[in-house]
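Visitor: Residues in the sequence shown are numbered consecutively from 37, following the numbering used here. What follows is a structure written as structure tokens; I'll ask about it next.
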Amino acid sequence: MTKLLPLLSHKGGRSALTCRFRCGDACSHEVANTSGNPYFGDIAARALSRRGVLRAGALGAVVVSAGVAGGLAGAAAGAVPAAAEPDPETAAAGGWGRGGLRFTPVAPNTADALTVPPGYSTAPVVRWGDPVLPGAPAFDFANQTAEAQAMQFGYNCDFVTIFPVGRDRALLWVNHEYTDEAMMFRGYAGGASATDEQIRIGMAAHGGSVVEIRRVRDTGQWQLVTRGRRRYNRRITATTPMRFSGPAAGSDLLKTAADPQGTTPIGMLNNCAGGTTPWGTVLTAEENFNQYFAKGPATPENTRYGIPTGPSSRGWERLEERFDLSRHPNEVNRFGWIVEIDPFDPDSTPVKRTALGRFAHEGATTTLARDGRLVAYMGDDSRFEYVYKFVSKERYIPGFDRHNRTLLDEGTLYVARFAGDSPAAEIDGTGKPPADGAFDGTGEWIPLVTGKESHVPGMTAEQVLVFTRTAADKVGATKMDRPEDVERNPVTGAVYIALTNNTRRVTADEANPRVNNKHGHVLELVEKGNDAAATTFAWSIPLVCGDPGDPGTYFAGFDKTKVSPISCPDNLAFDRDGNLWISTDGNALGANDGLFAMPVRGRERGHLRQFLTVPRGAETCGPLITQDRRSVFVAVQHPGEVDGATPDNPASHWPDGGDSQPRPSVAVVWHTEGREIGA
Ligand code: FEO
Ligand code: CA
Ligand code: CA
């Protein structure tokens, strides 16, 4: 008799369902990084130029996905983005940004609602099951089919970005990270007994969506376009044909019986966060890809990536033998990549860019170095994993698309090593700052591979790119507390790293200063010369998360009686004025997850306030603050995913209310009177 997989106990604020379906109960497994790398304490030591988007920008409707904001701004001005100092007026204002950040913070709560500050409105933009492709049927929870799902908006939305196609029209890109079959289907009894149709629906609900949206009158509200041609609308799923590019394309490590050339992978999986490029494409990140595979040979490399040796939790190997690694051992090497997708060409083939390495990619955000080379920052979201960056060999040339589209195929992949400047004995693991008053220090970017040249002894370039974690182990990278989003501030040039949590940490170091780190922290990194291509940097920790009443927390020195509690920072974004926005995943303080905003310069640095909370059981993803600061988009992922919830006993009815089933959805928040957000 088949039973549901056990819902293992788990730490922090995540439900057991989230743990099981999102990352295959990664928290309950052994730590995959068993390298001898010390925790570092011991080391001491958009296409603005194309397709009318520029015109849209000139009309003031350009919206910027945080990661590339510098690049887009720079491109628009015809200059390398800058890592600029604030203009005197802004600096004098004390805050960071013309409009400041004035709103009444939302109090922590457990409501089954998307709660926003007084004076703001919110509405869903697109929900799981909404028709995407013309001819798609309306959503019908009780009568789902794979054919319908492949034409409808997928499940669990994560990364969100926007490409303007006019002043009041835009393309919305959304990742569909994972499926939760126990919430999608009544009576779901686990992978082994899943019906073929349930498995196919799950595959079709993964991937990503491109949908056209339009502004509602002259407000900050945006709505799904539901009529007319919608020529850009697209669904990408676990079965969409893709191609490899870059130095590992065609490698023996990527060859399978179905693809003897090693160049044409099928589908993308567990796409979490992402970024955009200055030439107007999406970079979407395959994160916990390991859980979809079964019967992996217990090689050191597979172990390092946590590849299951038994059956997969969803049972996909029953329908598609490529997921059975006892038969097709290299198939798993074809996942765990950054995938580039052109939202303006629904017929384009998504490209897995092998030069950016293979790991549990949280995201990839781009900026330009001082000399115009493209830089992509990336986190590997697992406990004790590493922070990476890629620097292209050639420079970005505004408007020269054919050239720019080769930039992510040749360059150098680096991994970060952090060193603290305080004696190790002063880092006591409680979050109490050392005698110099700051968790801070310096660091270096260690090269792993440049094009086809490996910098790691004993590994070829292809091995470094396919088994990047193993390569990073060998060069002494610093084990971090779950590195998620890494984003560059478009105004200051500083780089921010969200470190979500790590309850397995037993030895603190200055960059990961708490043992049993339940609430996470945010690290600020300033590249030497404020140049994104630099190989050394300085860093500090402006935010040690938790309840501000907890002495082990830190809000950049700001008065802790005036800040909001925050736990488990995950996705980062910046508004036009360089204020940092932080979404959370797994609030371990007992309230719902949310979105927070914090100035990072001036008198208000550290004044963190909660801008919204998401409904019960949900996580806040993909925050996007539009360039005109009139709209905030958030992906409300897995509403109602709490222990014991099922379709017969739903824990949330968001967004449709009544006795409806919860539906992961993208929502927009705007000022009811049309003002700028936080102004
Ligand atoms: Fe999918 Fe790293 O959260
Ligand atoms: Ca210090
Ligand atoms: Ca995430």
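C-beta atoms are modelled at their ideal positions from N, C-alpha and C, and glycine is treated no differently.
Apply the 10 Å Cβ neighbour rule to Ser-51 and answer buried if 16 or more other Cβ atoms are within range, or exposed otherwise.
Guide: For this step, residue 51 is matched to residue 15 along the sequence shown. It counts as buried.
Visitor: Which whole-angstrom value is the C-beta distance of Val-331 and Asp-360, which I expect to be below 8 Å?
Guide: For the purposes of this step, residue 331 is taken as residue 295 along the sequence shown, with counting starting at 1. For the purposes of this step, residue 360 is taken as residue 324 along the sequence shown, with counting starting at 1. Looking at the sequence itself, residue 331 is Lys, so the reference to Val does not match. Their Cβ separation, rounded to whole angstroms, is 6 Å, which keeps Lys-331 and Asp-360 in contact under 8 Å.
Visitor: Ordered along the chain, which non-local residues of its own chain (more than five positions away) have a Cβ less than 7 Å from that of Glu-677?
Guide: The count along the sequence shown starts at 1 and reaches residue 677 at position 641. So the list reads Ser-51, Leu-53, Thr-54, Asp-216, Met-219, Gly-653, once near-sequence residues are dropped.
Visitor: To which residues of the same chain is Glu-367 closer than 6 Å at the C-beta, ignoring the five residues directly before and after it?
Guide: Locating residue 367 in the sequence shown gives position 331, counting from the first residue. Same-chain partners within the cutoff: Thr-292, Arg-358.
Visitor: Below 8 Å, can you find three or more Cβ-Cβ pairs linking the stretch 491-510 to the stretch 588-604?
Guide: Flag = no, the stretch 491-510 and the stretch 588-604 do not touch.
Visitor: With the cut-off set at 8 Å, would you say Met-304 and Val-247 are in Cβ contact?
Guide: In the sequence shown, the residue the question calls residue 304 occupies position 268. In the sequence shown, the residue the question calls residue 247 occupies position 211. Result no, Cβ atoms of Met-304 and Val-247 do not sit closer than 8 Å.
Visitor: Can you tell me whether DSSP reads Pro-141 as helix, strand or coil?
Guide: Here the question's residue 141 lines up with position 105 in the sequence shown. It is coil, neither helix nor strand.
Visitor: What number of angstroms, rounded off, separates the C-alpha of Arg-270 from the C-alpha of Asp-692?
Guide: Taking the sequence shown and counting its residues from 1, one reaches residue 270 at position 234. Taking the sequence shown and counting its residues from 1, one reaches residue 692 at position 656. Straight-line Cα distance between these residues: approximately 24 Å.
Visitor: Counting Cβ pairs closer than 8 Å, one from the stretch 704-714 and one from the stretch 156-176, do we hit at least three?
Guide: Output reads yes: the stretch 156-176 touches the stretch 704-714.
Visitor: Say the cut is 7 Å; is the CB of Glu-546 nearer than that to a heavy atom of ligand 2?
Guide: Along the sequence shown, read from residue 1 onward, the residue named residue 546 stands at position 510. Yes, ligand 2 has a heavy atom inside 7 Å of this Cβ.
Visitor: Give a yes or no on whether the C-beta atoms belonging to Ala-547 and Gly-456 are separated by under 8 Å.
Guide: As a working note, residue 547 is residue 511 in the sequence shown. As a working note, residue 456 is residue 420 in the sequence shown. In contact: Ala-547 and Gly-456 (Cβ atoms closer than 8 Å).
Visitor: Between the stretch 442-449 and the stretch 523-534, do three or more beta carbon pairs fall short of 8 Å?
Guide: The stretch 442-449 vs the stretch 523-534: no contact.
Visitor: Which same chain residues, not among the five before or five after His-65, have their C-beta less than 8 Å away from its C-beta?
Guide: Numbered from 1 along the sequence shown, position 29 holds the residue referred to as residue 65. Taken in chain order, the residues that qualify are Gly-342.
Visitor: Which same chain residues end up closer than 7 Å to Lys-425 when comparing Cβ atoms and leaving out the 5 residues on each side of it in sequence?
Guide: Counting from one through the sequence shown, the residue named residue 425 turns up at place 389. Closer than 7 Å at the Cβ level, and outside the excluded window around Lys-425, lie Val-411, Ala-412, Tyr-413, Met-414, Tyr-450, Trp-481.
Visitor: Helix, strand or coil: how does DSSP classify Phe-31 here?
Guide: Absent from the structure is residue 31, since the part of the chain shown begins at 37 and ends at 715.
Visitor: Determine the direct distance from the alpha carbon of Gly-226 to that of Arg-350, and round the result to whole angstroms.
Guide: Working through the sequence shown from its first residue, we reach residue 350 at position 314. Working through the sequence shown from its first residue, we reach residue 226 at position 190. Rounded to the nearest angstrom, the two C-alpha atoms are 7 Å apart.
Visitor: From the DSSP output, in three-state form, read off Arg-340 for me.
Guide: Translated into positions along the sequence shown, residue 340 becomes position 304. Helix at Arg-340.
Visitor: Please identify the residue among Ala-452, Arg-406, Asp-416, Arg-251 whose C-alpha is closest to the C-alpha of Glu-430.
Guide: Counted from its first residue, the sequence shown places residue 430 at position 394. Selected option, being the one with the closest Cα: Arg-406.
Visitor: For the beta strand (DSSP E) containing Cys-193, list its first residue and its last residue.
Guide: Taking the first residue of the sequence shown as position 1, residue 193 is located at position 157. Here the beta strand (DSSP E) through Cys-193 covers 193-202.
Visitor: Ordered along the chain, which non-local residues of its own chain (more than five positions away) have a Cβ less than 8 Å from that of Arg-665?
Guide: As a first step, residue 665 must be located in the sequence shown, where it is residue number 629. Gly-135, Asp-611, Arg-612, Asp-613, Glu-712, Ile-713, Gly-714, Ala-715, listed in sequence order.
Visitor: Would Gly-556 be called buried (16 or more neighbouring beta carbons within 10 Å of its own) or exposed?
Guide: Taking the first residue of the sequence shown as 1, we reach residue 556 at position 520. Counting Cβ neighbours within 10 Å, Gly-556 comes out buried, since at least 16 surround it.
Visitor: Secondary structure at Val-99, three-state DSSP: helix, strand or coil?
Guide: Within the sequence shown, the letter at position 63 stands for residue 99. Because the pLDDT at Val-99 is just 30, under 50, the model does not fix this residue reliably, and the value given afterwards should be weighed accordingly. Three-state result, Val-99: coil.
Visitor: When we look at the beta-carbon of Lys-598 and count the other beta-carbons within 10 Å, is it buried (16 or more) or exposed?
Guide: Taking the sequence shown and counting its residues from 1, one reaches residue 598 at position 562. With fewer than 16 other Cβ atoms within 10 Å, it is exposed.
Visitor: So which of Leu-260, Pro-379, Gly-479 has the shortest CA-CA distance to Gln-34?
Guide: It is not possible to answer for residue 34, since the shown part of the chain is limited to 37 through 715.
Visitor: Return helix, strand or coil for Met-219, following the three-state DSSP convention.
Guide: Against the sequence shown, residue 219 aligns to sequence position 183. Met-219: helix per DSSP, three-state reduction.
Visitor: Residues in the same chain with beta-carbon distance under 7 Å from Thr-255, minus the five sequence neighbours each way, listed in chain order, please.
Guide: Translated into the one-based positions of the sequence shown, residue 255 becomes position 219. Within the same chain, Thr-255 has close Cβ partners Trp-706, Gly-710.
Visitor: Just reading off the alpha helix (DSSP H) that Arg-163 is part of, what are its end residues?
Guide: The residue given as residue 163 occupies position 127 in the sequence shown. That residue, Arg-163, is in no alpha helix (DSSP H); its beta strand (DSSP E) goes 156-163.
Visitor: Report yes if the C-beta of Asp-194 is less than 7 Å from at least one heavy atom of ligand 1; otherwise report no.
Guide: Here residue 194 refers to the residue found at position 158 when the sequence shown is read from its first residue. Checking the Cβ of Asp-194 against ligand 1 gives yes.
Visitor: Can you grab the Cα-Cα spacing for the pair Thr-682 / Gly-630, in whole Å?
Guide: Residue numbering aside, residue 682 sits at position 646 when the sequence shown is read from its first letter. Residue numbering aside, residue 630 sits at position 594 when the sequence shown is read from its first letter. So the alpha carbons of these two residues sit roughly 23 Å apart.
Visitor: Just to confirm my understanding: we take Ile-463, look at its own chain, exclude 5 residues before and 5 after, and list those with CB closer than 8 Å. What are they?
Guide: Position 427 of the sequence shown holds residue 463. Closer than 8 Å at Cβ, skipping near neighbours: Gly-77, Gly-456, Pro-470, Phe-475, Ala-544, Asp-545, Glu-546, Pro-549.
Visitor: Under a three-way DSSP split, which group does Phe-325 fall into?
Guide: Against the sequence shown, residue 325 aligns to sequence position 289. Helix at Phe-325.
Visitor: Can you tell me whether DSSP reads Thr-528 as helix, strand or coil?
Guide: Locating residue 528 in the sequence shown gives position 492, counting from the first residue. DSSP places Thr-528 in coil when its eight states are reduced to three.
Visitor: What whole-angstrom Cβ distance do Asn-192 and Pro-700 have, given they're in contact under 8 Å?
Guide: By one-based count along the sequence shown, residue 192 stands at place 156. By one-based count along the sequence shown, residue 700 stands at place 664. The pair is a contact, with the Cβ atoms about 5 Å apart (cut-off 8 Å).
Visitor: Work out the CA separation of Gly-465 and Pro-309 for me, nearest whole Å.
Guide: Within the sequence shown, residue 309 is the residue found at index 273, counting from 1. Within the sequence shown, residue 465 is the residue found at index 429, counting from 1. Before going on, a small fix: residue 309 reads as Ala here, not Pro. Ala-309 and Gly-465: Cα-Cα distance of roughly 30 Å.
Visitor: Is any non-hydrogen atom of ligand 3 found closer than 7 Å to the C-beta of Asp-621, if you look at the structure I gave you?
Guide: To locate residue 621, count along the sequence shown from 1; it is residue 585. Answer for Asp-621: yes, Cβ within range of ligand 3.
Visitor: Measure the C-alpha to C-alpha separation of Gly-435 and Gly-190 and round it to an integer number of angstroms.
Guide: By one-based count along the sequence shown, residue 435 stands at place 399. By one-based count along the sequence shown, residue 190 stands at place 154. Computed Cα separation, rounded: 33 Å.
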